[in-house]
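One structure is given here, and the rest of the page talks about it.
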Ligand code: NI
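In the numbering used here, the protein residues as written are 30 to 411.
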């Protein structure tokens, strides 16, 4: 096998900026998918568009083991506040999480692997709708892991919590499960001056919120990471009227384990128990949005090794994890693999957080990401 051509920094940056200027929300990535399909076809990949609605699959080779490289491609409903020449041209839409970079990296890896004689197959999954947590599942439902059957999956996230020139890789859970709950507190409305004739759902909701905060402190093993956040409260329309209902929404995050298993029951019991104590009723709608992202032991070692070759062992960080979620989890719960965080915070400091209107990356991270994924695929197939 020949060695891959060097990373083409200019084309990587140009592709990233092009996509950055034309952000598309989940399952609306028509332009992005079209650009990807066109580039992959020109490189002689076998291209299948429309996998998971707007997802694109590119396949090279057949026979031998098959490695899947995943890049998500959706943007966020955020209005860009950066005054850069490549700023978003779409009102209210922005690549504020770095997925523009993921697409550019995926295409650069495809370009470099295209002329090589690989010891197996490589399959690119350009995935829609990561931000709404269901693009990966949509691609899997449409068979992205079959024909040929995928043996391992790798992916990266550009990461502004890490300085450019570093990479975070570790085995085990690295991103959290994402659950969503909705609680409807049903009381009895009436006059604010005659509370004894009502069942006040606002007061009940306040107690439910407080009680939910005790789940992490009292019902969870303190050694297991978890977050419960109530993020929405809706009730009432007048200062002098006690409403008849209150609606709450929130999220539970874990790295799996007992609390992950028990959370749906605990949230429901708590809401209903507290409501009952006040003579009210609560109904709970609890949904699992994505599982934790869990890296395979052996393949994390492989990717760490590759990363050490790319940036030096001293720049490979252990222990980089977040309670944020990622639907890469669906790939990694179906096949073994590894998901790495590629540092993208500008060298001078002052990195804006992901999902913020001033988010941007140090574009050197694109070169590092492309090198990491190219070498990881080659090493895995060897
Ligand atoms: Ni993201």
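A virtual CB, placed ideally from N, CA and C, is assigned to each residue, including glycine.
- Under the three-state reduction of DSSP, residue 200 is assigned to coil, being neither helix nor strand.
- For the segment 148-230, the full-length beta strand (DSSP E) segments reaching 3 residues or more read 150-156, 181-192, 201-204, 206-215 along the chain.
- At a Cβ-Cβ threshold of 7 Å, residue 110 and residue 45 do not count as neighbours.
- The way I'd put it, the segment 178-189 does touch the segment 90-97; three or more beta-carbon pairs between them come closer than 8 Å.
- The C-beta of residue 59 has fewer than 16 other C-beta atoms within 10 Å across all chains shown, which makes the residue exposed.
- For residue 126, the CB falls within less than 6 Å of some heavy atom of ligand 1.
- If you look at residue 397, you'll find it in the alpha helix (DSSP H) that goes 393-410.
- Secondary-structure assignment with DSSP links residue 75 through a beta bridge to 88.
- Within the same chain, Cβ atoms closer than 6 Å to the Cβ of residue 211 are found at 278, 314, the five residues on either side in sequence being excluded.
- The C-alpha of residue 216 lies about 10 Å from the C-alpha of residue 234.
- Per DSSP, residue 371 lies in no alpha helix (DSSP H) segment; the continuous beta strand (DSSP E) that holds it begins and ends at 366-374.
- Between residue 154 and residue 168, the CB-CB gap stays under 7 Å.
- Looking at 124, 254, 250, 273, the one whose alpha-carbon comes closest to that of residue 284 is 254.
- Using a Cβ distance threshold of 7 Å, residue 372 and residue 195 count as a contacting pair.
- One alpha carbon belongs to residue 370, the other to residue 331, and they sit about 15 Å apart.
- Burial check for residue 226: the Cβ neighbour count within 10 Å stays below 16, so the residue is exposed.
- Residue 128 sits away from residue 49, with the two beta carbons spaced by 7 Å or more.
- If you ignore the 5 residues before and after residue 316, its C-beta comes within less than 6 Å of the C-beta of 209, all in its own chain and listed in chain order.
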